[in-house]
Amino acid sequence: MIVFAFPGYESLLETLQPLAKRGTFEISRFANGEVVARVGTPVQMEHCVIVSSIAPPDEQFLSLILLAHTLKKEGCRRLTAVLPYLGYSRQDKEKPGESLAAAWVGSVLRASGVDDVVTIDVHSERDKHLFPMPLVSVFPAEIFADAIRTYQLTDATIVAPDNGAIPRCQAVNRALGKLTAEVPYFEKTRDQSGIKHTKLIGRAGTQALIVDDILDTGGTLLSACEKLIQEGVGKIDVMVTHGLFTGTDWKRLWSLKVQRIFCTDTIPAKKDIRDEHRIIILPIGELLKAQVAHLHRVPVPVC
Ligand code: R5P
-10 MIVFAFPGYE SLLETLQPLA KRGTFEISRF ANGEVVARVG TPVQMEHCVI
40 VSSIAPPDEQ FLSLILLAHT LKKEGCRRLT AVLPYLGYSR QDKEKPGESL
90 AAAWVGSVLR ASGVDDVVTI DVHSERDKHL FPMPLVSVFP AEIFADAIRT
140 YQLTDATIVA PDNGAIPRCQ AVNRALGKLT AEVPYFEKTR DQSGIKHTKL
190 IGRAGTQALI VDDILDTGGT LLSACEKLIQ EGVGKIDVMV THGLFTGTDW
240 KRLWSLKVQR IFCTDTIPAK KDIRDEHRII ILPIGELLKA QVAHLHRVPV
290 PVC
């Protein structure tokens, strides 16, 4: 197996290296902006793995699909895309007149030669059905549970900021051995004026831990924290799989009783995020390694 990792994913590459050798490649642009991929490692009849999240969403996607196409053109037998954060996966519902980008991403990856995709905590089960090839998603429940124990947060009530996050919260409770714990949650609506949460359904106590898949602008978490404070919660921690940290609004979380934000390293963190001591970045390399090792032993499915 040969791994082609994009810049920013060096530590993941290192984790995967006992399984595979490192492939070299270069992405550049012509003067007019057209993207060019050059592969330096022979790949004839090899199982190749590309590692890169779809983030940023346009340039990174273009580079990775061109690399995929080039690897297949060079004779790679099987191509797995390890995309720790699967950009566009939130566009997973059919809405008349609007793009269904999760389906589009799946089709473009398939047309570019990708045989299967491995990701971390895909937005929804719907995404799997929208992909024309196997999409394996692993949720880092054990990693979250370990962090909860390390930071002595086992007494915090795990709260879902919307319906979609309930199964994530339940998985973390299970990993903590809290098999019967109820998950308090909010009903969430989003309109042009922003996010609106209903009153909390269930009880959070005085210490809450919000678990969700994505922190993008922070709108969802800000609104959830405001409601939790109204419910009398005095301390809040936030645990998300993918830290996008878009813009600066999310920084208001610090004034809403948020003590720490935990996220994984599915997206390479910028310096200001790495330097913020209240943001704890949890590595997911070993989880992906186990998944890739498993895939390598399983024959490529016929799509
Ligand atoms: C939405 O369904 C997701 O699970 C996240 O709650 C959402 O995408 C986070 O985005 P933002 O931080 O911009 O509210």
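Under this note's numbering, the first residue of the sequence shown is numbered -10, with each subsequent residue one higher.
All residues carry an ideal CB built from backbone N, CA and C; glycine is no exception.
Would you kindly report the start and end of the unbroken beta strand (DSSP E) that includes Ile225? The sequence position of residue 225 within the sequence shown is 236, counting from 1. Unbroken beta strand (DSSP E) run through Ile225: 224 to 232.
I need the straight-line Cα distance from Glu83 to His118, nearest angstrom please. The count along the sequence shown starts at 1 and reaches residue 83 at position 94. The count along the sequence shown starts at 1 and reaches residue 118 at position 129. If you take the alpha carbons of Glu83 and His118, they lie about 12 Å apart.
Which residue from Gly12, Thr195, Gln33, Leu68 puts its Cα closest to that of Val287? Counting from one through the sequence shown, the residue named residue 287 turns up at place 298. Minimum Cα distance to Val287 is reached at Leu68.
Considering only the beta carbon of each residue, do Leu210 and Trp239 sit closer than 9 Å? For the purposes of this step, residue 210 is identified with residue 221 of the sequence shown, where counting begins at 1. For the purposes of this step, residue 239 is identified with residue 250 of the sequence shown, where counting begins at 1. It is a contact, given that the beta carbons lie within the stated cut-off.
Would you check if the segment 218 to 228 and the segment 187 to 201 touch, i.e. whether three or more CB-CB distances between them fall below 8 Å? With the cut-off at 8 Å, the segment 187 to 201 and the segment 218 to 228 touch.
Specify the secondary structure class of Lys246 as computed by DSSP and reduced to three states. Counting from 1 along the sequence shown, the entry for residue 246 is found at position 257. The answer is coil: DSSP assigns Lys246 none of H, G, I, E or B.
Just to check my reading of the structure: Ala70 and Val25 have Cβ atoms closer than 8 Å, yes? What is that Cβ distance to the nearest angstrom? Along the sequence shown, one-based indexing puts residue 70 at 81. Along the sequence shown, one-based indexing puts residue 25 at 36. Between Val25 and Ala70 the Cβ distance is about 20 Å, and since that is not below 8 Å, they are no contact.
Under a Cβ-count criterion, where at least 16 other Cβ atoms within 10 Å of its own Cβ denotes burial, should Met34 be classed as buried or exposed? On the sequence shown, position 45 is the one that residue 34 refers to. By the 10 Å Cβ count, Met34 comes out exposed.
Three-state secondary structure (DSSP) at Glu296? The requested residue 296 is not part of the displayed model; the chain covers only -10 to 292.
Figure out for me which residue from Leu277, His283, Glu114, Leu142 has the closest Cα to the Cα of Phe251. To locate residue 251, count along the sequence shown from 1; it is residue 262. Checking every option, the nearest Cα to that of Phe251 belongs to Leu142.
For Phe(-7), write down the residues that DSSP places opposite it in a beta bridge. Numbered from 1 along the sequence shown, position 4 holds the residue referred to as residue -7. For Phe(-7), which the question treats as bridged, DSSP gives the partners Ile39.
Measuring alpha carbon to alpha carbon, tell me which of Leu75, Ile137, Phe14 ends up nearest Asp226. As a first step, residue 226 is located in the sequence shown; it is residue number 237 there, counting from the start. Comparing Cα positions, the closest option is Ile137.
Segments of 3+ residues assigned as beta strand (DSSP E) that fall wholly inside the segment 126 to 189: 146 to 148, 177 to 180, 183 to 186
Taking Cβ positions, are Asp201 and Val229 nearer each other than 9 Å? Locating residue 201 in the sequence shown gives position 212, counting from the first residue. Locating residue 229 in the sequence shown gives position 240, counting from the first residue. Contact flag set, yes.
First through last residue of the alpha helix (DSSP H) which encompasses Thr209: Sequence index remark: in the sequence shown, residue 209 carries index 220 (1-based). Unbroken alpha helix (DSSP H) run through Thr209: 208 to 219.
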